[in-house]
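Read top to bottom, the protein sequences are chains A and B.
Under our numbering, think of the first position of the first sequence as 1, with each following residue one higher.
Under our numbering, think of the first position of the second sequence as 1, with each following residue one higher.
Using N, Cα and C, we set each Cβ at its ideal position, and we do this for glycine too.
Being a predicted model, the structure only gives us computed values, none of them experimental.
There are 2 protein chains.
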Amino acid sequence: MNKKEKVIEPQNIKLNMEFRAPKGTRDLLPEDKIAKNYVASELQKAFEIFGFNPIETPALEEYETATVKFAAGEGSDVMNEIFTLEDRAGRKLALRYEMTFPLARVIASNPQLPKPFKRYAMGPVWRNGPIKLGRYREFWQCDVDTVGIKNMYADVEILSLIDYIFKKFGINIIIKLNNRKLLNGIMEDLSIPKDLVDKALITIDKLDKIGKEEVIKELKEKGLNEGISKKIINSFETKDLNEVKVKSNLGKEGIKELKEVIDLCSKLNLKNIIFDISLVRGLGYYTGTIFEAFAKDSSIKSSIAGGGRWDKMIQMYGQLKDEVPAVGVAFGLDVIIDVLKEKGVKFDKTVCNLYIIPIKTKEESMKILQRLRLESIKCDMDMNDRSISKNLEYANQLGIKYVLIVGKKELEENKFTLRNMETGIEEKLKIEEIIKKFKVEK
Amino acid sequence: MNKKEKVIEPQNIKLNMEFRAPKGTRDLLPEDKIAKNYVASELQKAFEIFGFNPIETPALEEYETATVKFAAGEGSDVMNEIFTLEDRAGRKLALRYEMTFPLARVIASNPQLPKPFKRYAMGPVWRNGPIKLGRYREFWQCDVDTVGIKNMYADVEILSLIDYIFKKFGINIIIKLNNRKLLNGIMEDLSIPKDLVDKALITIDKLDKIGKEEVIKELKEKGLNEGISKKIINSFETKDLNEVKVKSNLGKEGIKELKEVIDLCSKLNLKNIIFDISLVRGLGYYTGTIFEAFAKDSSIKSSIAGGGRWDKMIQMYGQLKDEVPAVGVAFGLDVIIDVLKEKGVKFDKTVCNLYIIPIKTKEESMKILQRLRLESIKCDMDMNDRSISKNLEYANQLGIKYVLIVGKKELEENKFTLRNMETGIEEKLKIEEIIKKFKVEK
């Protein structure tokens with residue numbers, strides 16, 4: 001392509017043309033990014049304490065990799081929301097829309113990796129979906145998965161991680177728990193045709209939200225008659241696992257798995273985990289345990305974390321004879337921040353703790369700045385020769401907690417005025433005393 | 001689009017089809033990602049100590065934003081390497097290919113931001129370029145910029161940051177320093193036509209690499225005759241700033257700026273900064289100070305950090321009457337890791353420090369695991385009922401430093417065998433003693 005065609009010359013820009021982040025994406029300015037970094041770093045710490053190792057896969061995936069059956073599930077909207085592009089050789093690529101299928105690809109193409117393989121991955125994913133309130137086309141996912149453990153200890157470890165993290169954040173949660181084997185078993189008992197099972201389950205998932213009548217209506221639209229729809233709904237009315245009756249072997253296995261999970265959780269004193277037979281989860285690749293965590297006593301109703309078992313996807317990517325068991329959870333970074341803000345948690349507006357105001361002492365102030373930084377103190381100084389009042393206004397706007405005034409007299413005395421911007425209290429301190437006051441652990 | 005068309009059915013996958021990361025991209029497995037996280041986190045710490053605040057802009061940009069003149073520079077190859085895509089409404093988008101123009105967009109569209117505005121940004125960028133050794137289509141950039149300071153203190157602060165960071169990493173560097181005003185001034189003196197200036201400079205940049213003869217040849221190809229080419233080269237032969245003679249006012253300003261930078265660096269005891277008149281830097285948007293840092297005594301010849309002043313780009317995005325001064329640097333995450341590895345720095349293979357081997361004590365071991373994790377100890381356990389020898393092999397493969405053997409007898413005695421996997425030394429310890437040994441600071 002001709003370069004000239006691709007470059008917009010300055011004179012061709014309309015004066016009222018505005019450059020902005022693309023529709024459905026956001027710029028995070030310092031205050032928001034500081035909050036995000038805080039939550040991301042707390043998640044990362046917890047993941048590592050639980051023995052999960054970091055990996056990173058590209059944002060770009062081959063289109064065929066991204067669209068294999070079981071990747072996002074055939075019935076999922078996600079398949080219609082993939083951003084596609086081409087490389088210079090004409091290969092069709094996709095922006096990843098979640099983090100699970102890239103893990104399946106990595107496991108399948110690296111058979112040398114010792115199992116169990118426990119990993120976390122954090123980063124942006126993209127969905128070219130319709131814009132709704134609070135829904136973005138670029139957003140972050142924080143995923144944790146254990147590959148290679150078939151028994152329920154791995155599932156419980158994930159639930160334990162969820163419990164651990166939200167306790168750290170001081171967020172009270174409830175975790176809704178269910179099992180896909182049980183759900184499929186119930187559908188088997190009712191002789192629902194296989195190709196309608198997933199569609200019917202996605203409707204059942206809405207039972208709490210839209211009510212019985214609407215669910216029957218939607219099931220009808222999907223091709224199930226009223227009689228069978230009512231039977232389906234009846235099967236989803238209980239709240240007690242002990243009351244659930246299922247004839248199919250698959251369903252029985254689901255109940256057994258659920259009981260194992262609940263039993264072990266109780267032994268580990270993990271609370272607030274409740275069986276919810278109408279929990280389905282949208283993605284088609286789940287095969288066993290499924291769960292979703294919600295903040296209690298919060299106006300934020302969307303789930304704050306969710307996941308489950310996905311024992312069949314890796315087999316798919318590896319064209320393997322046997323299943324490769326896997327279970328994991330995705331944490332919603334943005335939702336967590338929203339809940340913390342709702343709880344009144346205040347995040348820093350700036351990383352900077354100390355701002356030097358030089359009064360005709362720029363060189364000397366720069367040396368003081370250099371010295372404080374060598375002590376790992378997060379600090380900055382005015383380099384624009386502004387007045388004290390302008391500088392105080394700036395420090396205030398940024399939310400910097402302390403300013404240090406450095407004039408000629410102060411230099412001679414080696415004592416400087418440190419002003420607490422919140423209280424207005426001033427102290428006269430030596431550099432060594434300032435260092436002691438601000439010293440952060442190294 | 002029809003869903004059926006987009007989904008690859010399992011039976012249609014050829015048995016030898018392999019799923020891999022797209023050409024020019026990489027999967028980072030734990031060992032590599034741990035190294036990357038370490039370097040990224042050290043950079044982040046340093047950036048914050050220097051008072052730079054984090055921001056995040058989307059990976060997606062409107063195509064018009066990404067291709068405005070001054071974004072990457074008209075003469076740059078980058079303009080032909082932009083990955084393009086479309087959103088569902090048919091808007092043309094681009095994957096960001098660097099982090100400077102998104103900052104210019106943010107500044108221009110957020111006039112409320114107090115100046116100076118100091119930010120850092122870390123994350124992937126994409127270039128749909130030819131694949132060469134060590135060149136990727138998706139790679140990370142770590143950028144730091146100060147917006148709103150016209151004088152050379154801001155430039156020196158960036159040089160001081162570079163010095164600080166590489167001292168922390170234990171990497172000896174030299175920083176080559178030059179100034180675009182000086183370069184343009186020299187070209188003015190030689191009456192080089194304006195449209196050839198940038199092209200000629202990009203060739204001059206190769207003087208060290210390809211030698212005089214080749215440079216003259218390339219200049220000729222670009223439309224400059226031999227006489228003028230030799231004159232250009234003569235102007236670039238000196239190594240001493242005091243010997244540089246320039247008539248144009250722009251050039252004189254460049255020399256003045258260089259002298260200010262060098263003088264202040266010397267006062268701050270910043271060493272290993274050398275004037276290099278043939279340093280140009282590829283991007284067209286630089287307007288003043290430019291610099292590149294290289295690892296000394298290393299086989300790695302590519303620059304490890306580089307940047308400069310770019311006073312005109314924000315004006316462009318904001319359609320402003322006046323320039324908005326800006327200066328910054330980009331750190332090469334991958335190069336830093338390569339240099340550290342070359343120096344023999346060993347990164348952890350796993351985040352996990354302790355691996356519990358239960359011998360018919362899974363439930364009790366899970367409780368111990370839970371207790372250790374509450375103490376922030378990074379640990380894990382076997383959940384697959386493997387033999388001790390299999391588990392030792394696994395811990396060894398992963399590079400886990402300690403294993404803890406938990407049998408029935410150990411539980412009764414409340415004393416467990418802690419084995420150092422590197423030395424083979426075993427101790428019998430109580431849980432409290434293990435916690436004390438591993439306790440990490442909170």
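For this session: Closer than 9 Å, Cβ to Cβ, to anything on chain B: give me those residues from the segment 16 to 35 of chain A, in chain order.
Result: Asn-16, Met-17, Glu-18, Phe-19, Arg-20, Ala-21, Pro-22, Lys-23, Gly-24, Thr-25, Arg-26, Asp-27, Leu-28, Leu-29, Pro-30, Glu-31, Asp-32, Lys-33 and Ile-34
Exercise. Which parts of the segment 140 to 171 of chain A are runs of the alpha helix (DSSP H), unbroken and 4 residues or longer, counting only runs that do not cross its ends?
Worked result: 153 to 169
For this session: Please report how far the alpha carbon of A:Arg-137 lies from the alpha carbon of A:Leu-264, in whole angstroms.
Result: By 1-based counting over the first sequence, the position of residue 137 of chain A is 137. By 1-based counting over the first sequence, the position of residue 264 of chain A is 264. Using only the alpha carbons, I get a separation of about 39 Å.
Problem set entry | Contact list for the segment 376 to 389 of chain B against chain D, Cβ threshold 9 Å | Structure shown: chain D not included; protein chains present are A and B.
Exercise. Along chain B, in chain order, which residues have C-beta atoms closer than 7 Å to that of A:Thr-350?
Worked result: Residue mapping note: residue 350 of chain A aligns to position 350 of the first sequence, counting from 1. By Cβ distance, chain B contributes Asn-53.
For this session: Indicate whether A:Lys-33 and B:Pro-114 have their beta-carbon atoms separated by less than 7 Å.
Result: Start at 1 with the first residue of the first sequence, and residue 33 of chain A comes out as number 33. Start at 1 with the first residue of the second sequence, and residue 114 of chain B comes out as number 114. No, they are not a contact pair.
Exercise. Taking Cβ positions, are B:Lys-181 and B:Gly-306 nearer each other than 7 Å?
Worked result: If you number the second sequence from 1, residue 181 of chain B lands on position 181. If you number the second sequence from 1, residue 306 of chain B lands on position 306. For B:Lys-181 and B:Gly-306, no; Cβs fall outside 7 Å.
For this session: Would you tell me roughly how many angstroms separate the C-alpha atoms of B:Arg-26 and B:Arg-386, rounded to the nearest one?
Result: On the second sequence, position 26 is the one that residue 26 of chain B refers to. On the second sequence, position 386 is the one that residue 386 of chain B refers to. Cα-Cα distance, rounded: 33 Å.
For this session: Output the boundary residues of the alpha helix (DSSP H) element that contains B:Val-335.
Result: Locating residue 335 of chain B in the second sequence gives position 335, where the first residue counts as 1. Unbroken alpha helix (DSSP H) run through B:Val-335: 333 to 342.
For this session: Spell out a yes or no on whether the segment 252 to 271 of chain A and the segment 214 to 229 of chain A are touching, meaning 3 or more CB-CB pairs, one atom from each, closer than 8 Å.
Result: no
For this session: Count the other CB atoms, across all protein chains shown, that sit within 10 Å of the CB of B:Lys-321; report buried if there are 16 or more and exposed otherwise.
Result: The sequence position of residue 321 of chain B within the second sequence is 321, counting from 1. B:Lys-321 is exposed by the Cβ-count criterion.
Problem set entry | Short Cβ contact (7 Å threshold) for B:Asp-145 with B:Leu-103 | Working through the second sequence from its first residue, we reach residue 145 of chain B at position 145. Working through the second sequence from its first residue, we reach residue 103 of chain B at position 103. Yes, the pair counts as a contact, with Cβ atoms nearer than the cut-off.
Exercise. What residue from A:Gln-319, A:Ile-300 and A:Gly-328 has the CA that sits closest to A:Ile-290's CA?
Worked result: Counting from 1 along the first sequence, the entry for residue 290 of chain A is found at position 290. When each option's Cα is compared against that of A:Ile-290, the closest is A:Gly-328.
Exercise. Out of curiosity, what's the CA-to-CA distance linking B:Thr-84 and B:Lys-168?
Worked result: In the second sequence, residue 84 of chain B corresponds to position 84, counting from 1. In the second sequence, residue 168 of chain B corresponds to position 168, counting from 1. Answer to the nearest angstrom: the Cα atoms are 39 Å apart.
For this session: Starting from B:Lys-267, find everything on chain A with Cβ-Cβ shorter than 7 Å and list it in chain order.
Result: For the purposes of this step, residue 267 of chain B is identified with residue 267 of the second sequence, where counting begins at 1. What B:Lys-267 touches in chain A: Glu-363.
For this session: Work out the CA separation of A:Val-324 and B:Gln-397 for me, nearest whole Å.
Result: Here residue 397 of chain B is taken as the residue at index 397 of the second sequence, counted from 1. Here residue 324 of chain A is taken as the residue at index 324 of the first sequence, counted from 1. Using only the alpha carbons, I get a separation of about 20 Å.
For this session: Kindly list, in the order they appear in chain B, the residues whose Cβ is closer than 9 Å to that of A:Val-106.
Result: Position 106 of the first sequence, counting from 1, holds the residue named residue 106 of chain A. Residues of chain B passing the Cβ test: Ala-21, Asp-27 and Leu-29.
Problem set entry | Spatial neighbours of B:Arg-127 in its chain, beta-carbon cut-off 7 Å, leaving aside the 5 residues before and after | Counted from its first residue, the second sequence places residue 127 of chain B at position 127. If we look at B:Arg-127 and ignore the five residues flanking it on each side, its Cβ neighbours are Val-78, Glu-81, Tyr-97 and Arg-137.
Problem set entry | Element boundaries [alpha helix (DSSP H), containing A:Phe-438] | Taking the first residue of the first sequence as position 1, residue 438 of chain A is located at position 438. Per DSSP, A:Phe-438 belongs to the alpha helix (DSSP H) from 431 to 438.
For this session: Jot down the residue ranges of each uninterrupted beta strand (DSSP E) in the segment 245 to 281 of chain A, minimum 3 residues, whole runs only, in chain order.
Result: 273 to 275
Exercise. Does the beta-carbon of A:Ser-229 have 16 or more other beta-carbons within 10 angstroms, so that it is buried, or is it exposed?
Worked result: Here the question's residue 229 of chain A lines up with position 229 in the first sequence. Result: buried.
Problem set entry | Residue nearest to B:Gly-282 in terms of C-alpha spacing, selected from B:Ile-204, B:Ser-266, B:Ile-300 and B:Asn-269 | Counting from 1 along the second sequence, the entry for residue 282 of chain B is found at position 282. When only C-alpha atoms are compared, the closest one is B:Ile-204.
Problem set entry | Cross-chain neighbours of B:Asn-128 in chain A, by beta carbon under 9 Å | On the second sequence, position 128 is the one that residue 128 of chain B refers to. The answer, in chain order, is Leu-85, Glu-86, Asp-87 and Arg-88.
Problem set entry | A:Leu-241: first and last residue of the uninterrupted alpha helix (DSSP H) it sits in | For the purposes of this step, residue 241 of chain A is taken as residue 241 along the first sequence, with counting starting at 1. That residue, A:Leu-241, is in no alpha helix (DSSP H); it is neither H nor E in DSSP.
For this session: Kindly indicate the opening and closing residues of the alpha helix (DSSP H) around B:Tyr-394.
Result: Start at 1 with the first residue of the second sequence, and residue 394 of chain B comes out as number 394. Where B:Tyr-394 is concerned, the enclosing alpha helix (DSSP H) stretches over 388 to 398.
For this session: Buried or exposed for B:Lys-362, please, with buried defined as at least 16 other CB atoms from any protein chain shown within 10 angstroms of its CB.
Result: Along the second sequence, one-based indexing puts residue 362 of chain B at 362. When all chains shown are included, B:Lys-362 counts as buried.
Exercise. Going by the beta-carbon positions, is the gap between B:Pro-58 and A:Ala-330 smaller than 7 Å?
Worked result: Position 58 of the second sequence, counting from 1, holds the residue named residue 58 of chain B. Position 330 of the first sequence, counting from 1, holds the residue named residue 330 of chain A. In this structure, A:Ala-330 does not lie closer than 7 Å to B:Pro-58 by Cβ.
Exercise. What residues match up with B:Thr-423 in a beta bridge as DSSP calls it?
Worked result: Translated into the one-based positions of the second sequence, residue 423 of chain B becomes position 423. Looking at the DSSP assignment, B:Thr-423 forms no beta bridge with any residue, so it has no partner.
For this session: Ignore the nearest five residues each way along the sequence and tell me which others in B:Glu-61's own chain have a CB closer than 6 Å to its CB.
Result: For this step, residue 61 of chain B is matched to residue 61 along the second sequence. Contacts found: Ala-94 and Arg-96.
Exercise. When the Cα atoms are used, what is the spatial distance from B:Gly-399 to A:Lys-118?
Worked result: Start at 1 with the first residue of the second sequence, and residue 399 of chain B comes out as number 399. Start at 1 with the first residue of the first sequence, and residue 118 of chain A comes out as number 118. Distance between the alpha carbons of B:Gly-399 and A:Lys-118: 14 Å.
For this session: Within the same chain, show all residues whose beta-carbon is closer than 7 Å to that of B:Thr-350, passing over the 5 residues directly before and after it, in chain order.
Result: By 1-based counting over the second sequence, the position of residue 350 of chain B is 350. Within the same chain, B:Thr-350 has close Cβ partners Pro-30, Leu-398, Gly-399 and Ile-400.
Exercise. Could one say the Cβ of A:Leu-60 lies closer than 7 Å to chain B's Cβ atoms, at least one of them?
Worked result: As a working note, residue 60 of chain A is residue 60 in the first sequence. At least one chain B Cβ lies under 7 Å of A:Leu-60.
Problem set entry | Outcome for B:Lys-378 when other beta-carbon atoms lying within 10 angstroms are tallied against a minimum of 16 | The count along the second sequence starts at 1 and reaches residue 378 of chain B at position 378. Buried: at least 16 other Cβ atoms inside 10 Å.
For this session: Please check the pair A:Cys-142 and A:Leu-270, which I expect to be a contact at CB under 8 Å, by giving their CB distance rounded to whole angstroms.
Result: Here residue 142 of chain A refers to the residue found at position 142 of the first sequence. Here residue 270 of chain A refers to the residue found at position 270 of the first sequence. The pair is not a contact, with the Cβ atoms about 20 Å apart (cut-off 8 Å).
For this session: Could you pull out every residue in the same chain whose Cβ sits closer than 8 Å to the Cβ of B:Ile-425, ignoring the five residues on either side in sequence?
Result: One-based indexing of the second sequence puts residue 425 of chain B at position 425. Closer than 8 Å at the Cβ level, and outside the excluded window around B:Ile-425, lie Arg-419.
Exercise. What in chain B is Cβ-close to A:Asn-151, meaning under 7 Å?
Worked result: For the purposes of this step, residue 151 of chain A is taken as residue 151 along the first sequence, with counting starting at 1. Chain B residues near A:Asn-151: Met-383.
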